[in-house]
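A.B. asks: Below is the structure I would like to discuss, written out as structure tokens.
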Amino acid sequence: MVVDFGMMRPGETLRQRASAEYLVSRPCYLSLRRAARLTQRPRSVVLMKEQGRSLTKRDVQAVVGAPVVAEIGVTEGIARCVDAGLLATRLPKSLAADLAALV
2 MVVDFGMMRP GETLRQRASA EYLVSRPCYL SLRRAARLTQ RPRSVVLMKE QGRSLTKRDV
62 QAVVGAPVVA EIGVTEGIAR CVDAGLLATR LPKSLAADLA ALV
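Take 2 as the starting number for the sequence shown in the working numbering and just add one per residue.
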């Protein structure tokens, strides 16, 4: 099951029962600034890789205090799939490959 909490904080019962918990983040200053302020630390991070970003996987791990367990290349195909509402039914092959280690 995937739960996107957005700005909400998950209840402790849900966190304890979850088999996995990931913070999905971009390697950008604002994302890391927000992650550093979280009151509940994530167990692991899925990093959205974008061209032109100077922050690295190592930077993200240092700020968040959790390991980066997967890196997803941000592509036009994935963006179009999300925009069309098809991500749950038609997972792009590149995304499936990037997430294979998590499932």
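Heads up, the beta-carbon is just placed ideally off N, CA and C, and yes, glycines get one too.
No experiment lies behind these values; they were computed from the predicted model shown.
So, does the region 55 to 74 touch the region 31 to 44, judging by three or more C-beta pairs under 8 Å?
C.D. replies: The region 55 to 74, when compared against the region 31 to 44, does touch it at the 8 Å Cβ threshold.
A.B. asks: Report back the beta-carbon spacing between L24 and V70 to the nearest angstrom; my notes put them in contact at under 8 Å.
C.D. replies: The pair is not a contact, with the Cβ atoms about 10 Å apart (cut-off 8 Å).
A.B. asks: Are I79 and L100 touching if we call contact CB-CB under 8 Å?
C.D. replies: It is not a contact, given that the beta carbons lie outside the stated cut-off.
A.B. asks: Determine, using beta carbons only, whether S32 and V46 come nearer to each other than 8 Å.
C.D. replies: Not a contact, by the Cβ cut-off of 8 Å.
A.B. asks: With distance defined between alpha-carbon atoms, name the residue in E72, R44 and P43 nearest to T57.
C.D. replies: Nearest C-alpha to T57: E72.
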